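To start, the structure under review is shown below, and the notes come after it.
Numbering (this note's numbering), first residue to last: 64 to 241.
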C-alpha cells in the first residue's frame with residue numbers, strides 16, 4: 064500500500080478524528096480574539112486611522128527606541144506608538160501615532176517631538192483624524208466582511224448542491240461542473 068493510499072484510507076476511515084484540527088484552530092482563534100478584546104477593548108487593533116487621533120510624520124532620521132522611551136516618559140499611559148518609515152532598508156523618518164485630537168494636546172506632542180529630534184517646521188507634518196470618520200469606516204468594513212461571508216457561503220452551498228446533485232433539476236449546471 065503506497066503512502067497516498069494509506070493517507071486516503073486514513074482520511075476515509077478516521078475523518079472524525081481529523082475534525083479535531085479545525086476545532087483546535089477555532090478554539091485558538093476565539094482565544095486570541097478574547098485576549099485582544101480583554102487587552103484593548105476591541106476585538107481588532109484599531110490604529111489612528113480607525114479610532115481617531117493624530118499622526119506626526121517626522122522626515123528626519125531619529126532612533127525609534129529613544130523617541131518611544133522619551134515620549135512614554137513625557138506622556139505616560141497614553142499609548143503613543145512610534146514606527147519607522149523605511150525604503151530599501153534605509154530609514155527615512157518616523158511616524159508617531161497618538162490618540163490626542165485636541166489642538167493643545169497635539170501641540171504638546173509636537174513640541175516634545177521637536178525637542179527630542181531637533182526638527183524644524185519643514186521636517187514634520189501633523190495629521191488629525193476624527194473618531195467619527197474612523198468609526199464609520201470600521202462599521203462599513205464589518206458589514207463588508209459579513210456580506211462577503213454570506214455570499215461565500217451561498218456559493219459553496221450552491222456548488223456542492225449542484226455538483227452532488229444527480230437529478231435532472233439542473234442539467235446545464237451539472238454539466239458545467241463535470
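Where a beta carbon is used, it is the ideal one built from N, C-alpha and C, also for glycine.
Note that the structure is a prediction, hence the values are computed from the model and not measured.
- For residue 170, the three-state secondary structure derived from DSSP is helix.
- Here the stretch 194 to 204 makes no contact with the stretch 149 to 156; the two share fewer than three CB pairs at distances below 8 Å.
- For residue 147, the uninterrupted beta strand (DSSP E) run begins and ends at 144 to 150, by DSSP.
- Contiguous beta strand (DSSP E) elements confined to the stretch 183 to 213 occur at 187 to 192, taking only those with 3 or more residues.
- Counting along the chain, residue 94 sits inside the alpha helix (DSSP H) bounded by residues 83 to 103.
- By the beta-carbon neighbour count (other beta carbons within 10 angstroms, threshold 16), residue 199 is exposed.
- When the Cα atoms are used, residue 185 and residue 210 turn out to be separated by approximately 45 Å.
- In this structure the stretch 172 to 188 touches the stretch 134 to 152; the number of beta carbon pairs closer than 8 Å is three or more.
- Secondary-structure assignment with DSSP links residue 127 through no beta bridge to anything.
- Taking the C-beta atoms as reference points, residue 158 is found nearer than 8 Å to residue 118.
- DSSP places residue 153 in the uninterrupted beta strand (DSSP E) bounded by 153 to 161.
- DSSP, read as helix, strand or coil, puts residue 65 in coil.
- For the pair of segments examined, the stretch 157 to 174 was found not to touch the stretch 76 to 90: the number of CB pairs separated by less than 8 Å stays below three.
- By the neighbour-count criterion, in which a residue is buried when 16 or more other Cβ atoms sit within 10 angstroms of its Cβ, residue 122 is exposed.
- C-alpha of residue 115 to C-alpha of residue 98: approximately 23 Å in a straight line.
- DSSP places residue 216 in the helix class (H, G or I) of the three-state scheme.
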